[in-house]
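Visitor: Provided herewith is a single structure, encoded as structure tokens, for subsequent inquiry.
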Amino acid sequence: MKNLFKLLSIIILIFASNSYSFAAEKVEYLKTDWSFKGLFGKFDRASLQRGYQVYTEVCASCHSMKYLSYRNLAEPGGPEFSEAQAKAIAASFEVTDGPNSDGEMFTRPGKLSDKFVMPYDNVKAAQAANGGAYPPDMSVLVKARGGGVDYIYSLLQGYEEAPSNVSLDDGVYYNKYMYGNKIRMAAPLSDGLVEYGDGTNATVEQMSKDVTTFLMWSAEPHLEARHQMGFKAIVYLIILTVLVYFSMKKIWSRVESEV
Amino acid sequence: MSDHDYRPKSKVGQWFNDRLPLLTLANHLTDYPTPKNLNYWWTFGGILTFCLITQIITGLTLAMHYIAHADMAFESVEHIMRDVNYGWLIRYIHANGASMFFLAVYIHIFRSLFYGSYKAPREIIWIIGIIIYLLMMAAAFMGYVLPWGQMSFWGATVITNLFSAIPFVGEGIVTWLWGGYSVDNPTLTRFFTLHYLIPFLILGLVVLHIWALHVPGNNNPVGIDVKKPSKDTVPFHPYIVIKDGFALLMFMIVFAFFVFYAPNILGHADNYIEANPMVTPAHIVPEWYLLPFYAILRSVPDKLLGVVAMLSAILILAVLPWLDTSKIRSAVFRPLYKQFYWILVADVLILGYVGAMPAEGLYLLIARVATAYYFLHFLVILPVLGFKEKTLPVPLSITEPVLGGSTNLAAARNKESKIE
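Chains as they are written, first to last, in numbering that gives the first Met the number 0: chain A, 0 to 258; chain B, 0 to 419.
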């Protein structure tokens, strides 16, 4: 058993020494309580729904979310809009479909099975409309940034007047959490920008938190299922390990040797 | 060995076994006499088998949904993560399984280094092991390319470009490897093919590895030859099976923690950005398990020599049985070697750390010193140590220290050693 602890501590040591996050720049990110962290972490349903509202009213004018479908909005573990709500959301978008029997493309209201409608037809169009910078697709954005949710949450609130020694080109903004501090996106949020249906006060901080929660879900739509299964799996493994440990002791007691 | 006398009890069994002695094989595997003093460092062989099987099963399942095409690979991975039933679970097991596999293989290799398991008569087991390790690195590298993220693409570009260091034919070889003039769709499809093939090569080599092991039998912490079967050994089943099982379960708990609670911590965030040949990431880094070799590669200023150094760092292990001149296997009886062993462990960890850092300033200096020491250890320290070191007396049998109730062998030291 003594060896076992040695072994475990070495495993932990190896991973601790390897938890290299390259994006861990010297900046301290803003912290907030994320409901989805921890062994039993779950999304805050209301926050997800508000986050969707922020996404669709603010972010979606430039940022696509091409891996999500409208049906996802009604699936368990997500914002859990009712199916009727999700259908209504989908129907509010115009989707290009076709070709029909005449060989023509046509537009129709969106259905649950449609992917989120993209703001631009392609990357080039997105760049052309945004001064050459491509607004990244947001489907897995929080997983694609070193600081994850804390980074996105901070970035949204990190707009400041540029220090006097920093000169900014036209269409470039100063953000203290951005890599290199220069960002092509203007501050997207301002107090009261959206009107939350549930009466929550739409401060920049609140909207940042809601939309970041929504982005975490969009990147990890099965996070809740993963946490639930993980807990069960680990409890099961621990119980089995204890049982096997005693079986092993019993079996090895037949020989005069230590296990 | 006793298994030659084995005869199945049933008539049918005898009939079958006379034609194909599978039952004899099964009997050999269960009765296989194993030194009874094996510690938990010896359980990683079984754990590695588990890792290989897990990777193959999850890999086959992923391959049913994955699309090896530069335009669709990234999307198909997201499809697996979102829409395939438990696709997220299978992919996270496979991705973290690679890390777990390497964690286990490094422990397995360093166990062998500590207890001298590579020495006669086990050189072939060791060399097969090194080939398996090389193939593992190839498989892991190509697997990392398949999601077609930024790190996939640029990692593939950097590593395949290493071949361009070969004089005269280098550039041609790189074009041939890519199937074009840059890493692109042909590169992805061939990497997928090879990534699919290599695990089965590894599986075959694992069979040989175990076969070669079963000829001389296991080494053990005392590092002496044991008579088989004898008081010093126990049958593989149930003793080793249950002990390996227990260790495997402990390992699976760690594994499960990563899969369920930190599935992306060992990967790089940039790999969730779709590959873009026009944008180079700020730092191109391989997965953690390749970092020590990456550090060695970058510590040499010349490209060709860097590649040579990196390859030598791995291949030097294959000749280790002849570089280590000491007749004593276990570091337990080699007070000096034991210290150099731990220095080597630290050296490799340091190499891994600087491999993750930018190759500049102090990091580069540390990488160079650590690289030099790595080769010094194998090429100078080990050969000299065999002649100079004053080893401790080795017990005549395992039972001695085991019956003494402790493994520090204080009692055994008073006994006469047959080697001194």
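No residue lacks a Cβ here, since even glycine has one placed at the ideal position from N, Cα and C. A quick note: this is a predicted structure, and the numbers were derived from the prediction, not measured.
1) Taking the straight line between their C-alpha atoms, what separation do you get for residue 55 of chain A and residue 132 of chain A?
2) Residue 271 of chain B versus chain A: which residues are under 7 Å apart at the beta carbon?
3) Using the Cβ count rule (16 or more neighbours within 10 Å means buried), how would you classify residue 180 of chain B?
4) Skipping 5 residues on each side, what residues in its chain have a beta carbon closer than 8 Å to that of residue 111 of chain A?
5) Closer than 7 Å by C-beta to residue 23 of chain A: which residues in its own chain qualify, once you throw out the five before and the five after it? Chain order, please.
6) Is residue 242 of chain A near the ligand HEM, judged by its Cβ being under 7 Å from some heavy atom?
7) Helix, strand or coil for residue 42 of chain A, going by three-state DSSP, please let me know.
8) For a cutoff of 8 Å on Cβ pairs, would you count residue 225 of chain A as touching chain B?
9) Suppose the cutoff is 7 Å on Cβ atoms and the five residues either side in sequence are ignored; what does the same chain contact list for residue 356 of chain B look like?
10) Can residue 109 of chain A and residue 94 of chain A be called in contact, C-beta distance under 8 Å?
11) In chain order, what residues of the stretch 231-242 of chain B put their CB closer than 7 Å to some CB of chain A?
12) Just the C-alpha distance for residue 420 of chain B and residue 210 of chain B, rounded to the nearest angstrom, thanks.
13) Assuming residue 234 of chain B and residue 34 of chain B make a contact with CB atoms under 8 Å, what is their CB distance in whole Å?
14) Is residue 115 of chain A helix, strand or coil when you go by DSSP?
15) Since residue 138 of chain B and residue 232 of chain A are thought to touch, with beta carbons under 8 Å apart, how far apart are those beta carbons, to the nearest angstrom?
16) Mind checking who residue 108 of chain A pairs with in its DSSP beta bridge?
17) Residues of the stretch 331-353 of chain B in Cβ contact with chain D at a cutoff of 9 Å, in chain order, please.
18) Between which two residues does the alpha helix (DSSP H) holding residue 198 of chain B run?
19) In chain B, which residues lie with their C-beta within 7 Å of the C-beta of residue 244 of chain A?
20) For a quick check, are the C-beta atoms of residue 347 of chain B and residue 291 of chain B less than 8 Å apart?
21) Spatial neighbours of residue 42 of chain A within its chain, please: CB distance less than 6 Å, with the 5 preceding and 5 following residues excluded, ordered by chain position.
22) Residues of chain A with a CB under 7 Å from the CB of residue 202 of chain B: which are they?
23) Give, in chain order, every residue of the stretch 249-261 of chain B whose Cβ lies closer than 8 Å to some Cβ of chain A.
24) Mind checking if residue 118 of chain A is an interface residue toward chain B, Cβ cutoff 8 Å exclusive?
25) Can you check whether the C-beta of residue 263 of chain A is within less than 8 Å of a C-beta belonging to chain B?
26) Whose CA, out of A/206, A/224 and A/199, lies closest to the CA of residue 57 of chain A?
27) Could one say the Cβ of residue 411 of chain B lies closer than 8 Å to chain A's Cβ atoms, at least one of them?
28) I need the straight-line Cα distance from residue 194 of chain B to residue 124 of chain A, nearest angstrom please.
29) Which of helix, strand or coil does DSSP assign to residue 98 of chain B?
30) In the DSSP output, which residue or residues are listed as bridge partners for residue 33 of chain B?
31) Can you name the start and end residues of the alpha helix (DSSP H) that residue 70 of chain A belongs to?
32) Mind listing the chain B neighbours of residue 182 of chain A? Cutoff is C-beta to C-beta under 7 Å, in chain order.
33) Between the stretch 152-174 of chain B and chain A, which residues of the former have a C-beta closer than 7 Å to a C-beta of the latter?
34) Measure the C-alpha to C-alpha separation of residue 344 of chain B and residue 354 of chain B and round it to an integer number of angstroms.
35) Determine the chain B residues that contact residue 254 of chain A at a beta-carbon separation under 8 Å, and present them in chain order.
36) DSSP three-state call for residue 148 of chain B: helix, strand or coil?
Guide: With the given structure in hand:
1) Computed Cα separation, rounded: 20 Å.
2) Within 7 Å Cβ-Cβ: 139, 142 and 143.
3) By the Cβ-count criterion, residue 180 of chain B is exposed, with fewer than 16 other Cβ atoms from all chains shown falling within 10 Å of its own Cβ.
4) If we look at residue 111 of chain A and ignore the five residues flanking it on each side, its Cβ neighbours are 68, 69, 70, 73, 82, 85, 86 and 89.
5) The pLDDT assigned to residue 23 of chain A is 45, lower than 50, so where the model puts this residue is not dependable, and the model offers no usable value.
6) Looking for the ligand HEM in the displayed structure turns up nothing, as the structure carries no ligands at all.
7) In the structure shown, residue 42 of chain A sits in coil (DSSP, three-state: anything other than H, G, I, E or B).
8) Nearest CB-CB separation between residue 225 of chain A and chain B: below the 8 Å threshold.
9) So the list reads 362, once near-sequence residues are dropped.
10) Yes, the pair counts as a contact, with Cβ atoms nearer than the cut-off.
11) Answer in chain order: 233, 237, 238, 241 and 242.
12) For chain B, the structure presents residues 0 to 419; residue 420 of chain B sits outside this window and is missing.
13) Actually they do not touch by this definition, with Cβ atoms about 12 Å apart.
14) Note: residue 115 of chain A maps to coil in three-state DSSP.
15) 26 Å between Cβ atoms; not a contact.
16) Answer is A/93.
17) The structure shown contains no chain D; its protein chains are A and B.
18) Here the alpha helix (DSSP H) through residue 198 of chain B covers 184-213.
19) Within chain B, 245 have C-beta atoms less than 7 Å from the C-beta of residue 244 of chain A, given in sequence order.
20) Yes; because the gap between Cβ atoms is below 8 Å, this pair is in contact.
21) Within the same chain, Cβ atoms closer than 6 Å to the Cβ of residue 42 of chain A are found at 35 and 216, the five residues on either side in sequence being excluded.
22) Neighbours of residue 202 of chain B in chain A, taken as residues whose beta carbon is under 7 Å from its own, are absent, since the nearest beta carbon is some 26 Å off.
23) Taking a C-beta cut-off of 8 Å against chain A, the contacting residues of the stretch 249-261 of chain B are 249, 251, 252, 253, 255, 256, 258, 259 and 260, listed in chain order.
24) It does not; no Cβ of chain B falls within 8 Å.
25) This structure leaves residue 263 of chain A out entirely; chain A is present only between 0 and 258.
26) Among A/206, A/224 and A/199, the Cα nearest to that of residue 57 of chain A is on A/206.
27) Reliability of the predicted coordinates at residue 411 of chain B is poor, the pLDDT of 44 falling under 50, and no value is obtained from them.
28) In a straight line, the C-alpha of residue 194 of chain B is about 37 Å away from that of residue 124 of chain A.
29) Residue 98 of chain B: helix per DSSP, three-state reduction.
30) In the DSSP output, where bridge partners are listed per residue, residue 33 of chain B has B/233.
31) First-last for residue 70 of chain A: undefined, no H or E at that position.
32) Within 7 Å Cβ-Cβ: nothing; residue 182 of chain A doesn't reach chain B, min ~16 Å.
33) Of all residues in the stretch 152-174 of chain B, none comes within less than 7 Å of chain A when Cβ atoms are compared.
34) Distance from the CA atom of residue 344 of chain B to the CA atom of residue 354 of chain B, rounded to whole angstroms, is 15 Å.
35) Those are 35, 233 and 238, listed as they occur along chain B.
36) Reduced to three states, the DSSP call for residue 148 of chain B is strand.
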